Structures are given as structure tokens and as C-alpha cells.
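Visitor:
2 protein chains.
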Amino acid sequence: MTRIRTSVVRQNLLQLPSALNSQESAITAPTNPDVRQADEERDDRRRFHPKWHVLAALLLSGLAAPAFASGLVDDVNGIALDDKGKLLSFNGLVISDDGKVEKLLQPKDKRPERPTFRLDGKGRTLIPGMIDGHGHVMGLGLALLTLDLSDTRSLAEAQAKIRAYASENAGRKWIIGTGWNQELWGLGRFPTAAELDAAVADIPVWLERVDGHAGWANSAAMQAAGITAATKAPPGGRIESAGGKPSGVFVDAAKALIERVVPPPAPKDRDLAFAKAQDKLLSLGITAIADMGTTMDDWQTFRRSGDRGVLRVRIMAYAAGIDQMVAIAGPEPTPWLYDDRLRLTGVKLYLDGALGSRGAWLKADYSDAPGQRGLPLTGSTQLRNQMSRAAMDNFQVAIHAIGDQANAEVLDAIEELSGTYRGDRRWRIEHAQIVDPVDLPRFATHGTIASMQPVHEASDWRMALARMGEARLQGAYAWRTMLDNKVPLAFGSDVPVESANPFPGLAVAMTREDAKGEPFGGWMPQQRIRLEEALAAFTRGAAYAGFAEQRFGALAPGQQADFLLIDRDITLARPTEIRETQVLETWVGGQRAYVRR
Amino acid sequence: MTRIRTSVVRQNLLQLPSALNSQESAITAPTNPDVRQADEERDDRRRFHPKWHVLAALLLSGLAAPAFASGLVDDVNGIALDDKGKLLSFNGLVISDDGKVEKLLQPKDKRPERPTFRLDGKGRTLIPGMIDGHGHVMGLGLALLTLDLSDTRSLAEAQAKIRAYASENAGRKWIIGTGWNQELWGLGRFPTAAELDAAVADIPVWLERVDGHAGWANSAAMQAAGITAATKAPPGGRIESAGGKPSGVFVDAAKALIERVVPPPAPKDRDLAFAKAQDKLLSLGITAIADMGTTMDDWQTFRRSGDRGVLRVRIMAYAAGIDQMVAIAGPEPTPWLYDDRLRLTGVKLYLDGALGSRGAWLKADYSDAPGQRGLPLTGSTQLRNQMSRAAMDNFQVAIHAIGDQANAEVLDAIEELSGTYRGDRRWRIEHAQIVDPVDLPRFATHGTIASMQPVHEASDWRMALARMGEARLQGAYAWRTMLDNKVPLAFGSDVPVESANPFPGLAVAMTREDAKGEPFGGWMPQQRIRLEEALAAFTRGAAYAGFAEQRFGALAPGQQADFLLIDRDITLARPTEIRETQVLETWVGGQRAYVRR
Numbered sequence: 001m002t003r004i005r006t007s008v009v010r011q012n013l014l015q016l017p018s019a020l021n022s023q024e025s026a027i028t029a030p031t032n033p034d035v036r037q038a039d040e041e042r043d044d045r046r047r048f049h050p051k052w053h054v055l056a057a058l059l060l061s062g063l064a065a066p067a068f069a070s071g072l073v074d075d076v077n078g079i080a081l082d083d084k085g086k087l088l089s090f091n092g093l094v095i096s097d098d099g100k101v102e103k104l105l106q107p108k109d110k111r112p113e114r115p116t117f118r119l120d121g122k123g124r125t126l127i128p129g130m131i132d133g134h135g136h137v138m139g140l141g142l143a144l145l146t147l148d149l150s151d152t153r154s155l156a157e158a159q160a161k162i163r164a165y166a167s168e169n170a171g172r173k174w175i176i177g178t179g180w181n182q183e184l185w186g187l188g189r190f191p192t193a194a195e196l197d198a199a200v201a202d203i204p205v206w207l208e209r210v211d212g213h214a215g216w217a218n219s220a221a222m223q224a225a226g227i228t229a230a231t232k233a234p235p236g237g238r239i240e241s242a243g244g245k246p247s248g249v250f251v252d253a254a255k256a257l258i259e260r261v262v263p264p265p266a267p268k269d270r271d272l273a274f275a276k277a278q279d280k281l282l283s284l285g286i287t288a289i290a291d292m293g294t295t296m297d298d299w300q301t302f303r304r305s306g307d308r309g310v311l312r313v314r315i316m317a318y319a320a321g322i323d324q325m326v327a328i329a330g331p332e333p334t335p336w337l338y339d340d341r342l343r344l345t346g347v348k349l350y351l352d353g354a355l356g357s358r359g360a361w362l363k364a365d366y367s368d369a370p371g372q373r374g375l376p377l378t379g380s381t382q383l384r385n386q387m388s389r390a391a392m393d394n395f396q397v398a399i400h401a402i403g404d405q406a407n408a409e410v411l412d413a414i415e416e417l418s419g420t421y422r423g424d425r426r427w428r429i430e431h432a433q434i435v436d437p438v439d440l441p442r443f444a445t446h447g448t449i450a451s452m453q454p455v456h457e458a459s460d461w462r463m464a465l466a467r468m469g470e471a472r473l474q475g476a477y478a479w480r481t482m483l484d485n486k487v488p489l490a491f492g493s494d495v496p497v498e499s500a501n502p503f504p505g506l507a508v509a510m511t512r513e514d515a516k517g518e519p520f521g522g523w524m525p526q527q528r529i530r531l532e533e534a535l536a537a538f539t540r541g542a543a544y545a546g547f548a549e550q551r552f553g554a555l556a557p558g559q560q561a562d563f564l565l566i567d568r569d570i571t572l573a574r575p576t577e578i579r580e581t582q583v584l585e586t587w588v589g590g591q592r593a594y595v596r597r
Numbered sequence: 001m002t003r004i005r006t007s008v009v010r011q012n013l014l015q016l017p018s019a020l021n022s023q024e025s026a027i028t029a030p031t032n033p034d035v036r037q038a039d040e041e042r043d044d045r046r047r048f049h050p051k052w053h054v055l056a057a058l059l060l061s062g063l064a065a066p067a068f069a070s071g072l073v074d075d076v077n078g079i080a081l082d083d084k085g086k087l088l089s090f091n092g093l094v095i096s097d098d099g100k101v102e103k104l105l106q107p108k109d110k111r112p113e114r115p116t117f118r119l120d121g122k123g124r125t126l127i128p129g130m131i132d133g134h135g136h137v138m139g140l141g142l143a144l145l146t147l148d149l150s151d152t153r154s155l156a157e158a159q160a161k162i163r164a165y166a167s168e169n170a171g172r173k174w175i176i177g178t179g180w181n182q183e184l185w186g187l188g189r190f191p192t193a194a195e196l197d198a199a200v201a202d203i204p205v206w207l208e209r210v211d212g213h214a215g216w217a218n219s220a221a222m223q224a225a226g227i228t229a230a231t232k233a234p235p236g237g238r239i240e241s242a243g244g245k246p247s248g249v250f251v252d253a254a255k256a257l258i259e260r261v262v263p264p265p266a267p268k269d270r271d272l273a274f275a276k277a278q279d280k281l282l283s284l285g286i287t288a289i290a291d292m293g294t295t296m297d298d299w300q301t302f303r304r305s306g307d308r309g310v311l312r313v314r315i316m317a318y319a320a321g322i323d324q325m326v327a328i329a330g331p332e333p334t335p336w337l338y339d340d341r342l343r344l345t346g347v348k349l350y351l352d353g354a355l356g357s358r359g360a361w362l363k364a365d366y367s368d369a370p371g372q373r374g375l376p377l378t379g380s381t382q383l384r385n386q387m388s389r390a391a392m393d394n395f396q397v398a399i400h401a402i403g404d405q406a407n408a409e410v411l412d413a414i415e416e417l418s419g420t421y422r423g424d425r426r427w428r429i430e431h432a433q434i435v436d437p438v439d440l441p442r443f444a445t446h447g448t449i450a451s452m453q454p455v456h457e458a459s460d461w462r463m464a465l466a467r468m469g470e471a472r473l474q475g476a477y478a479w480r481t482m483l484d485n486k487v488p489l490a491f492g493s494d495v496p497v498e499s500a501n502p503f504p505g506l507a508v509a510m511t512r513e514d515a516k517g518e519p520f521g522g523w524m525p526q527q528r529i530r531l532e533e534a535l536a537a538f539t540r541g542a543a544y545a546g547f548a549e550q551r552f553g554a555l556a557p558g559q560q561a562d563f564l565l566i567d568r569d570i571t572l573a574r575p576t577e578i579r580e581t582q583v584l585e586t587w588v589g590g591q592r593a594y595v596r597r
């Protein structure tokens with residue numbers, strides 16, 4: 001049904017040419033050499049004030065100045081969303097010299113006479129840059145530098161990969177990795193230190209679980225951290241044990257027992273990691289991202305990048321707790337920095353853990369672990385104090401809540417605080433995965449934003465069923481209900497927990513089927529949403545959730561010209577095809593930031 | 001002699017008009033309203049890219065573009081230094097629209113035809129902006145927010161002032177102050193907690209000595225810090241005692257025992273403090289300053305100011321130790337930020353303390369305290385390790401050394417490291433106050449910069465005599481010898497230890513007399529230097545010492561247009577008159593940043 005509706009909307013585009021002769025679009029410059037030089041400077045990512053160069057060139061070359069000079073992207077199959085969330089089409093885009101959208105052009109519209117550059121789209125599809133409403137930028141970057149176990153499908157496969165990585169990276173003092181998931185290994189239990197020792201025993205190894213809520217240490221790592229049978233887990237944490245001894249897995253707050261002895265990455269490593277993260281995000285069509293849990297080290301890395309003119313992805317940063325918020329931003333959120341590329345917008349708080357590690361805080365016991373209801377990581381009063389502390393200085397508050405009890409508790413707190421902290425607050429609940437249906441309408445009451453990650457639904461539905469049973473999941477991943485209730489919806493990936501690729505996200509949002517098409521017809525298909533709704537949540541919605549909707553997120557005049565050229569028309573494609581979409585070019589602020597080679 | 005020489009150089013200026021009809025110079029704008037609007041925007045301190053506005057105005061108003069538009073400062077008694085350190089004169093200044101010096105004009109030179117603004121100097125004296133080569137910006141700002149005892153001349157007067165401040169600031173949880181100096185009180189000993197209790201007993205009071213090397217606590221403060229007779233001073237510190245009990249004064253590293261319980265200033269307080277510091281510096285004609293010992297909190301305050309467009313004074317920052325250096329700048333010094341207004345250039349290290357508190361590290365015992373030679377705060381290996389750590393990532397190293405042994409030790413370390421860390425390193429010795437004459441020639445060997453504060457000489461000569469006797473002071477405050485040896489000399493104030501006012505600094509450099517003219521003829525007058533030499537150390541020399549000489553410090557084409565209008569011609573004035581110079585206007589980057597009211 002979804003497919004039919006969107007293809008009707010887009011029928012008018014069928015007449016447009018769609019020649020895909022070359023992977024890279026051709027940019028032609030006018031013949032005036034001064035203007036061409038200015039154009040080359042525009043392409044230099046280190047310049048954030050292209051206006052100046054173009055104007056200087058115009059002045060020096062003695063051209064009559066046609067108000068402001070503009071660039072032109074022409075002959076594209078342009079797809080955007082209007083401010084009511086409807087799809088609209090265009091085939092040309094005028095970009096001002098400060099990198100903003102000046103105008104969307106229809107075939108009949110007159111083109112600017114002397115554009116500073118002209119990009120020939122060759123009929124390819126152009127869509128708005130995608131915004132990841134919830135990710136961990138440095139987590140992604142550092143993961144790209146470390147051992148990645150997310151593609152392993154058995155413990156033995158993981159052990160082999162760990163062994164190979166250790167020999168390729170001889171000389172490292174620690175081996176750090178991420179991405180393991182005992183569920184994918186069919187292990188039915190956590191792995192053990194002994195099993196890790198079998199791969200690498202001579203140096204410490206510390207591997208985070210895919211969701212970041214647990215870590216797996218070998219014996220050398222436990223020894224380095226001084227872990228013994230007598231070590232107690234801190235509040236909010238758990239040390240897995242076997243035979244009265246720590247078995248090697250440390251859950252939630254207990255991870256810190258090992259992490260405090262892991263050598264931190266050097267600034268150079270961070271810079272490299274961030275460069276890799278930016279490359280990755282841009283290659284997937286992500287032009288902006290909400291960074292959930294920015295530390296001072298993360299922030300300094302972003303600033304170094306901005307100061308050197310190599311910050312390309314826009315970052316809406318949410319500090320990792322109140323202390324980091326104050327250290328980073330001081331008395332109020334920062335201004336937008338680096339031409340709308342960076343802002344410390346608010347704070348990320350945690351209320352509970354994840355479903356996989358049974359850290360999500362539930363209203364009733366886990367179906368598969370009677371007596372356990374998960375852990376609130378933050379006490380009731382502490383949560384409200386932290387929210388108040390941020391809100392009183394106009395920082396936005398984003399709270400991680402996965403379990404139904406956690407969501408109810410955050411909604412309670414928002415209700416209580418909304419009397420004191422009025423105005424446009426945009427409280428955010430991050431994940432909002434399992435919500436008691438009685439609580440779903442409460443999101444709309446104070447304009448609370450549901451910041452959700454569609455791919456989690458596809459990854460987790462089986463586990464969610466095991467953890468809670470179907471009866472208690474009627475408000476799980478409830479995108480349709482959120483939209484029907486007029487709850488502002490922002491979509492993201494939770495990268496590096498999941499891939500940052502937004503196209504599988506669109507597909508899952510439309511189908512509630514996973515990559516294998518399971519379950520056929522979708523899990524709880526009444527919660528499916530339409531392409532334009534999912535696209536809105538990945539663009540305008542994610543921008544709104546970060547107080548950025550006046551700056552980017554829509555291809556509308558005055559907005560930053562952040563857009564993608566992609567290899568298919570997603571309004572005509574089936575969800576299984578949308579999932580496979582390839583990004584050909586990514587443009588940020590009117591500058592080409594990625595080209596597929 | 002000095003006076004005769006400079007007035008000969010400046011004779012040609014006698015013919016210039018010197019009408020001082022108004023305190024504030026008049027800026028006239030062309031009549032074209034668009035251009036006038038652009039000019040108003042230039043005056044807006046929040047804009048760092050005035051070019052754009054002016055050019056946009058030119059384009060929109062359809063004016064023929066005369067290459068770049070320029071501003072004009074005319075009819076001034078202009079004084080600058082050429083690149084050989086000779087005084088030169090001019091009577092007009094052309095400023096480009098990005099705030100740089102375009103040209104110095106002689107009376108015969110043609111003026112730009114359509115300047116974007118014209119400042120009528122009315123014959124007043126214009127000199128380069130002064131650069132403070134060694135200060136503590138946030139120390140100054142926070143001092144301006146706190147109780148200032150620097151004008152008290154007796155213990156009783158201080159007690160009265162403390163009592164009054166406490167009643168004016170009721171509700172504060174702590175009373176924090178600075179500026180006391182028991183030497184000025186004629187006390188012959190440190191004050192005591194009991195004497196402070198007599199002023200304020202109900203809340204904790206913590207008052208730093210004028211040199212920052214000691215602090216004075218009342219009993220409530222010692223109680224809050226848990227200080228008892230059993231408390232031991234940390235290495236590098238001393239707890240003054242009386243009758244076996246702490247007497248209330250904590251020297252050098254022992255200050256931390258109290259400071260760890262003093263509530264830190266909130267970010268808002270820091271922003272306010274920094275704004276006050278900037279106002280103060282600009283009112284004294286300081287357009288740039290080397291901040292010696294920048295913490296992350298300081299840095300974030302500077303950045304907040306830059307991000308909001310209210311950073312007016314240029315800051316060359318030296319991090320407070322290696323950890324802060326890495327946290328602030330990461331893998332290398334930052335680029336110049338905010339249009340040459342901020343850079344993390346290097347690191348400030350401490351080798352010894354101050355002479356007043358007998359913390360300066362001497363080659364032989366203090367004359368007035370046999371058995372004491374002061375304390376090295378940093379071990380020999382540790383010093384070299386820290387210097388290496390900074391130098392290997394191309395951070396500049398500035399080391400506090402006051403005593404003759406400390407200076408010898410730093411010179412040794414520089415000699416040892418210079419083989420490894422080659423190139424243009426510009427090792428700095430901060431203060432370089434008491435140098436054994438045998439060590440004086442060693443400064444020049446590796447281009448080591450002597451970063452000195454002339455006013456310290458006038459404040460300290462009596463105390464220095466008491467501490468060391470005349471025979472050991474032959475290399476003390478040895479400015480003339482440094483210049484004769486071709487050692488790069490940078491002058492500063494050590495604000496807030498001394499006032500940041502550079503004009504008393506010029507006067508002391510020329511006379512080695514204090515504010516009262518004592519000792520008549522100057523202490524060790526063979527170390528006096530000429531006005532142009534002192535002016536160079538407060539401008540070009542201080543810029544060179546911060547790797548900034550390509551950007552500011554000289555009124556030469558291409559340099560930032562940082563300049564002052566002052567109320568007298570310092571080349572014609574006697575040193576006692578130079579000392580009283582008033583700054584009428586301060587311009588930074590071609591923008592007026594201060595006007596005397």
C-alpha cells in the first residue's frame with residue numbers, strides 16, 4: 001500500500017531523464033578564469049566563507065555583479081519534502097555562494113545566467129542529506145580503528161578474528177574491540193574469559209558488546225584491573241560469574257572496573273578516528289548527526305577539526321552528563337559554530353540499560369528471567385535534579401529510556417518539570433523502545449520528542465519477544481502511533497550499535513521486516529509508516545529534534561544545501577531496493593564532501 | 001641621555017598639529033547610506049569578517065569597486081618601530097577592510113579617495129598596541145571580581161577592608177581575595193589566621209598573596225579543609241606554623257590543601273571575569289597578551305568569548321602544564337583562531353617559586369635565611385621529560401625561573417634538549433630575574449627568550465637586596481646585558497601580580513627607578529635601556545616570543561591594525577611623564593575596542 005501511494009505521488013517524475021552514464025557528476029565552470037578560480041576555492045573544504053572569494057573574484061575581474069552569484073545543480077530527479085511532509089519534485093537547485101539553497105527549479109523555470117558552477121546531475125536522483133538523530137560519532141570512529149566483531153557468527157569465528165587481529169597489530173599494549181553479540185553466535189550465554197584467553201592470552205583484551213552495555217575481558221585484562229573473586233560490582237553494574245569467580249563479562253556500570261585501566265586513545269588517534277567516522281557517515285549519505293554522549297575529549301576533537309577546516313558532517317552534540325555539559329559549554333548551549341557544523345545543544349542522560357543485557361527497566365519481570373526487572377541507572381530524585389540543572393540554563397535534555405518503566409518514569413519527570421521549565425524545551429526520549437500503551441499518548445502532552453532507531457526493531461524483535469512476550473509489546477517501536485499522536489519523531493541509527501546507513505532504516509520503517517524479509521509482512525505491521533514519513537523523521541524530524549530546523553534538514557530556500565545524489569529513485573523502489581540504495585555523492589553546505597569511486 | 005636621543009629622532013614631528021579638543025576622535029563615514037551601514041557593522045565587535053559586509057554593500061549599492069575598500073586614520077602623531085627597532089614617524093594609517101595595516105602615510109602621501117571610514121586623529125599620538133608578554137588573564141579577571149587587598153598599607157587597613165567586603169557580599173559561601181603583601185604592611189612576618197578571624201570568623205576566608213605563591217586562611221577555611229597540627233605540607237610546599245600549629249599561611253604547593261575545598265567559580269563567573277579582564281587590558285592599551293598557565297576552564301572561557309564574537313584582546317595561551325596542554329590542544333598547537341585572537345601556543349612549566357616567599361631556587365643560601373636555598377618545584381629529570389613531551393609535538397616551552405640556580409638549570413636543560421629538538425623552538429625563560437653573570441651569555445646560545453617584567457625590578461629591588469645582597473645581584477633584571485647579548489627580549493607585567501599598565505613598565509625600563517623615583521638615578525643603572533628598546537620588548541619582542549610576529553606587534557603593512565591613541569608623545573616625555581600616560585582609544589584589528597570616557 002505504501003508503495004502504491006508514493007509512486008502515484010511521483011508519477012510526474014517518470015518523464016525525467018535518468019541517464020546514469022558516469023558515477024560522478026560533472027561540474028562545469030564558466031570560462032572567466034577568475035570565477036573559475038573562485039569556484040575551485042569553493043571546493044576546498046577548508047574554506048567556510050566562500051562568499052568572500054566569489055565576491056572578490058567578481059570585483060577583481062570587473063564583472064557587473066548580478067546581486068549574489070549562485071551555483072546551479074541541474075537535470076536531477078529531485079525529491080524533497082514540503083513543510084507539511086508531502087513529497088515534492090524538482091529538477092534543478094540554485095545554491096547561493098554561502099552554500100544555502102536559493103531555489104528549487106521546475107523544468108520550466110529559468111536557470112541563473114552565470115552560475116559560479118554548474119553540476120550536471122544527468123537525471124540522477126537527488127534527495128536531502130540524511131540526518132542521524134542518535135549516534136555516537138567517536139564510538140564509530142574508534143570502532144573503525146579497532147577490532148570489529150560485528151560480522152562474526154560464532155564464538156569460534158570471533159576467536160579466529162581476534163587471533164588474527166592480534167598478530168596483525170603486534171606491539172599494541174592492549175587489544176580493544178567491539179561488536180560481539182552472543183545472540184548472533186547462538187551461544188545462549190555470555191562468552192568467558194577462558195574462551196578469550198584461548199585466542200589471546202599474553203596481552204589484555206577488552207571487547208565491548210555490540211550495544212555497549214557489556215564488555216568481555218580476558219584474564220590478562222582482569223589481572224591488569226585487579227579483578228578477583230572478591231571484587232564487587234558497583235551500583236548499576238553486574239559482574240558475571242561462574243563457580244564463584246568473575247567469568248569475564250562485565251555489565252553496565254561494572255564495565256568501568258576494566259575501563260579504568262584501558263589506556264585512553266591519544267589525541268592523534270582521536271583525530272584519525274574522527275576523520276574515519278566522517279568519511280563513513282558521508283559515504284552513507286549522513287550530512288548531520290546528533291552525537292549522544294559527547295565527552296570533553298570528543299568535543300575537543302570536533303573543535304580541532306572545525307578549527308582546521310576539516311569538519312564536514314554537522315554535529316548536534318549532547319554532552320555525556322551534566323559535568324561534561326558544563327565543562328564543554330559553560331553557562332548555556334554554545335552558538336552554532338563553523339557555519340552550522342557544530343553545536344553543544346544539550347545533555348544526554350541515562351535512565352536504564354538495554355534489553356539485550358536485561359538492563360532495560362521494566363514494569364514487570366523479564367519473561368525469561370523471573371525476578372529481574374532491569375536497573376534504573378539514575379535515581380528518581382537524581383534524574384529530576386539533572387534535568388533541572390540542564391533545563392535551568394536552557395540546555396536540551398535527551399534521556400535514554402528503553403524499558404516501559406523507564407519511559408513511564410521519564411514521562412513522569414517531564415510532566416513534573418514542565419511547570420517550571422516552560423517554553424520550547426523539546427525534551428527527548430532516546431530509543432523509547434518499549435512503551436506501555438497507556439503511556440504512549442503522554443509523549444504528545446509536552447511535545448516530547450521520540451528519538452527512535454528503526455533498525456533496532458528489525459534487530460531486536462525476536463529478543464524482545466523472548467524478554468517480554470507479545471502481550472507486553474503492544475507499544476514497542478510504535479512509530480505509527482507516535483505519528484498519529486502528533487509526537488515529533490526523529491530517526492537515527494544508534495551507530496556504532498547498528499550501521500549508520502539510513503536506507504535500511506527507511507526500509508524497516510516501511511515494512512518492519514529485517515534484511516532477510518522476516519517476519520514476512522512485518523512484525524506488528526500496524527506500526528509501519530510511509531516512505532515520506534520515514535524520510536521526514538530522518539531529515540526534518542531529526543533536525544527539529546536538535547533545534548536545527550531553521551538551518552538544515554529540508555531542501556528549502558535559506559536552508560543549508562545538504563543533499564545526496566543516489567543510484568535509484570526511492571519513491572519508485574520497493575523497500576528491499578531502498579535498503580540497497582547507494583550514495584553517489586554527498587554535498588554539505590553546497591560543497592561536495594563525498595564522491596563514490 | 002636617552003631622552004635627548006629619542007627627541008632628536010622625533011624632531012620632525014614637532015611641526016604636526018596637536019589639538020586635543022575632544023577625548024574621542026571623530027569617525028566620519030561617506031554619505032552613501034549602504035556604505036555607512038557597512039561601516040557601522042564594522043564597528044560591531046561581533047563581526048570578524050568585515051570584508052564581506054563592505055563588499056556586499058559595494059555590490060548592492062552599485063559602486064564601482066576600487067579594488068579593496070580601505071579605512072583611513074589621519075592627522076595623527078604616529079610613532080612606530082621599524083624592523084631594525086628604530087623609531088619612525090607617520091601621520092596617517094590606511095587600514096584594509098580585514099583590519100590589517102595597509103600603509104603608513106607621510107604628510108605628502110596621497111590619501112585613499114573613498115575610505116570606508118575616516119578617523120580624524122586631531123594630531124594626537126598614535127602608537128602600536130602594547131603586548132603583555134607574561135600575564136594571567138583569568139587571574140586578573142577573577143581578581144577584579146574578588147576582594148583586592150593590593151592597596152592596603154597595613155594589617156589593620158586590610159582587616160577593615162576584609163570586614164567591609166564581607167558585609168557588602170553577604171550570602172557568599174566563601175570570601176576569596178588577593179593582593180596582600182606583608183612587606184608593604186611593614187609586618188616583618190606573615191599574618192595569621194587569628195588576625196584574619198578578627199575580621200571575619202563565621203565563613204571561610206582565603207586570600208592569596210600578591211605573587212600567588214602563598215595564601216592566607218582564616219580558621220573557618222582551615223577547618224573546612226580539615227587542616228590540623230598533624231597536616232603535612234606536600235612536596236614543594238610549606239605550612240607556616242606557630243606554636244606547633246598551622247599559623248594560617250600556606251606557601252606554594254601547600255596552597256592546594258586549602259584550594260581543593262574552595263568552590264570553583266561557575267562558568268558565568270568566569271565569563272564575567274574575562275569580560276572585566278578584557279575591559280581592563282584594553283583600557284591600559286594592551287591589545288595582546290601571553291596568558292601564562294591557561295587551564296581548560298580558562299581556555300573554554302576564551303573560546304566562549306570567541307564563539308560569541310566578544311573576544312577583543314589577542315591571547316597567546318601557554319597551558320598550565322602538560323596535561324592541560326594535551327587536553328586543550330591535542331596533538332599540536334592550535335591554529336590561530338578568531339582572526340588571530342587566540343592560539344594555544346605552548347606550555348608553561350614551573351621550576352621554582354618567588355623571591356618574596358623565598359621559593360626562588362638559589363645557588364647559595366638566602367642572605368636573610370641561612371640554610372634555605374628555595375625549592376625546585378620540578379625535579380631535573382621531570383623538567384626535561386616535560387620539556388621533551390611538549391617539544392616533540394612542537395609546543396613552545398615557557399619555564400618559570402626566578403632564582404639563579406633555577407635559571408642555570410633551565411639553561412642546562414635547553415642546552416641538552418636543543419640537539420634533539422632543532423629548528424625554531426624559541427625556548428622561553430619566564431622572569432629570568434636573578435641570573436648568575438656567568439649564565440647571562442648562555443641565553444643567546446639557543447635563541448632562548450628572556451621574558452621579563454620591568455616593574456618587578458622596581459617592586460622587588462629592596463627585597464632582592466635583603467634576600468641575596470648586592471654581590472649576587474650583578475645579573476639581576478639584566479635588560480641591557482640581554483640586549484647587548486642579542487637575546488630576544490619580551491616585556492610583560494605578570495598581571496595580576498603587578499598592574500598590567502605597560503607605561504610604568506616603559507618608565508622603569510628606562511630609569512630603574514620606582515614610582516617614587518627611588519633609588520635616585522636607578523638601581524644598577526647600567527642595566528637601563530632606551531625607550532625604543534623597551535617599546536620593542538612590549539610590542540615586536542613580545543609578539544616574537546609568542547610566534548606571532550607575522551601577525552601583530554608592528555604597525556607595518558600586512559599586520560593587524562592594533563594601535564592606541566594616547567594623551568602624550570612618549571618620545572618627547574620624561575619617564576615620569578611616560579609613567580602617567582593615559583590611553584584615549586584602543587583599536588584591535590582595525591576596530592575600536594576601547595574609548596576613554
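Line by line, the protein sequences are chains L and D.
Read in UniProt numbering, the first sequence has 262 at position 262, and its numbers run on one by one without any break.
Read in UniProt numbering, the second sequence has 421 at position 421, and its numbers run on one by one without any break.
Glycine residues also receive a C-beta, built at the ideal position from the N, C-alpha and C atoms.
Everything numeric in this text was worked out from a predicted model, so none of it was measured.
Using a Cβ-Cβ cut-off of 8 Å, state whether A275(D) counts as contacting chain L.
Guide: In the second sequence, counting from the first residue as 1, residue 275(D) sits at position 275. Cβ-Cβ to chain L under 8 Å: no for A275(D).
Visitor: Leaving out five residues before and five after L72(D) in sequence, what residues of the same chain have Cβ atoms less than 8 Å from its Cβ?
Guide: In the second sequence, counting from the first residue as 1, residue 72(D) sits at position 72. Closer than 8 Å at Cβ, skipping near neighbours: G92, L93, V94, I95, R111, P112, P115, F117, R118 and L119.
Visitor: Which residues in chain D sit within 9 Å of V326(L), going by Cβ to Cβ distance?
Guide: By 1-based counting over the first sequence, the position of residue 326(L) is 326. Within chain D, the residues near V326(L) are A266 and P267.
Visitor: Does DSSP classify I578(L) as helix, strand or coil?
Guide: Translated into the one-based positions of the first sequence, residue 578(L) becomes position 578. Three-state result, I578(L): helix.
Visitor: Mind checking which residues open and close the beta strand (DSSP E) that includes S96(D)?
Guide: The residue you call residue 96(D) lines up with position 96 of the second sequence. Unbroken beta strand (DSSP E) run through S96(D): L87 to S96.
Visitor: Would you call the segment 296–314 of chain L and the segment 304–316 of chain D touching, i.e. three or more CB-CB distances under 8 Å?
Guide: Because the criterion of three Cβ pairs below 8 Å is not met, the segment 296–314 of chain L and the segment 304–316 of chain D do not touch.
Visitor: I want to see whether chain L comes within less than 8 Å of G293(D), judged by CB atoms only; does it?
Guide: In the second sequence, counting from the first residue as 1, residue 293(D) sits at position 293. No - not a single Cβ of chain L is within 8 Å of the one on G293(D).
Visitor: Going by the CB atoms, is the gap between A534(D) and F563(D) shorter than 8 Å?
Guide: Here residue 563(D) is taken as the residue at index 563 of the second sequence, counted from 1. Here residue 534(D) is taken as the residue at index 534 of the second sequence, counted from 1. It is not a contact, given that the beta carbons lie outside the stated cut-off.
Visitor: Tell me whether I414(L) is buried or exposed, calling it buried when 16 or more other Cβ atoms sit within 10 Å of its Cβ.
Guide: As a working note, residue 414(L) is residue 414 in the first sequence. Its Cβ being crowded by 16 or more others within 10 Å, I414(L) is buried.
Visitor: Decide if H53(L) is buried, meaning its Cβ has at least 16 other Cβ atoms within 10 Å, or exposed.
Guide: For this step, residue 53(L) is matched to residue 53 along the first sequence. The predicted position of H53(L) is uncertain, since its pLDDT is 42 and thus under 50; a value taken from the coordinates is nonetheless stated next. H53(L) is buried by the Cβ-count criterion.
Visitor: Helix, strand or coil, according to DSSP, for G137(L) in the structure here?
Guide: The residue labelled residue 137(L) in the question sits at position 137 within the first sequence. The identity of residue 137(L) in the sequence shown is Val, whereas the question assumes Gly. Looking at V137(L) - three-state DSSP - the assignment turns out to be helix.
Visitor: When DSSP labels each residue in this structure, what does W361(L) get in the three-state scheme?
Guide: Counting from 1 along the first sequence, the entry for residue 361(L) is found at position 361. Coil, per DSSP.
Visitor: Taking the runs of the beta strand (DSSP E) that are 3 residues or longer, which of them lie wholly in the segment 463–538 of chain D?
Guide: For the segment 463–538 of chain D, whole beta strand (DSSP E) runs of length 3 or above, ordered along the chain, are 489–491.
Visitor: For D291(L), list the residues DSSP reports as bridge partners.
Guide: As a working mapping, residue 291(L) is identified with position 291 in the first sequence. Looking at the DSSP assignment, D291(L) forms a beta bridge with G135(L) and A317(L).
Visitor: Starting from the beta carbon of R308(D), find every residue of chain L whose beta carbon is closer than 8 Å, and list them in chain order.
Guide: The residue labelled residue 308(D) in the question sits at position 308 within the second sequence. Within chain L, the residues near R308(D) are P335.
Visitor: So with CB distances below 7 Å, who are the chain L contacts of R304(D)?
Guide: In the second sequence, residue 304(D) corresponds to position 304, counting from 1. The contacting residues are G330.
Visitor: Under 8 Å: do the segment 216–225 of chain D and the segment 472–481 of chain D share three or more Cβ pairs, one atom per stretch?
Guide: Flag = no, the segment 216–225 of chain D and the segment 472–481 of chain D do not touch.
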